[in-house]
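Numbering (UniProt numbering), first residue to last: 1 to 162. Presented below is the structure to which this report refers.
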């Protein structure tokens with residue numbers, strides 16, 4: 001057996017340590033939890049995306065009784081941003097969540113599908129996307145989707161199997 005060791009670097013910040021531009025991004029994500037439609041899980045998620053041109057786009061999770069038909073906040077925000085500016089790379093994304101009436105103390109991470117979509121956006125534009133995950137105790141920052149998805153499936157995975 002030959003083990004593979006995978007490490008993920010997570011930078012942990014207090015809100016006041018972040019650049020003002022990132023503070024705004026996180027606050028936009030926090031605001032979006034109010035717009036979530038989550039009658040089944042009661043788990044409201046908001047996301048905000050910052051493009052390289054400075055434009056901000058937001059999204060919230062939208063549930064459906066047929067669970068796979070809903071959409072996560074991250075994908076709502078990313079798809080909306082790419083639909084409006086199809087040639088502008090995403091620089092950063094922030095996500096926040098609350099359950100009941102309180103923001104989570106521990107930062108939330110994107111689900112597997114959202115991680116894959118963030119990775120695809122990185123590959124599409126050839127840039128890294130900073131991911132900021134908000135919690136009341138701290139903000140976790142990861143420098144790119146590969147840190148969240150180390151055994152990733154991407155275009156060259158398809159190319160290698162044809």
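In this text, a Cβ means the ideal position worked out from N, Cα and C, and glycines have one as well.
Using a Cβ distance threshold of 9 Å, residue 59 and residue 32 count as a contacting pair. Per DSSP, residue 151 has no beta-bridge partner at all. Among the bridge pairs identified by DSSP, residue 42 is matched with none. Contact annotation, residue 53 with residue 15: C-beta distance approximately 25 Å; criterion of less than 8 Å not satisfied. A residue is called buried once 16 or more other Cβ atoms fall within 10 Å of its Cβ, and residue 11, having fewer, is exposed. Taking the Cβ atoms as the reference, residue 8 lies roughly 7 Å from residue 150, within the contact range of under 8 Å. Taking each of 81, 4, 64, 129 in turn and checking the Cα distance to residue 56, the smallest one comes out for 81.
The beta carbon of residue 73 lies closer than 6 Å to those of 45, 46, 47, 59, 60, 61 in the same chain, with the five residues before and after it left out.
Counting along the chain, residue 25 sits inside the alpha helix (DSSP H) bounded by residues 20-32.
When C-beta atoms of the region 115-125 are compared with those of the region 95-103, fewer than three pairs fall below 8 Å, so the two segments do not count as touching.
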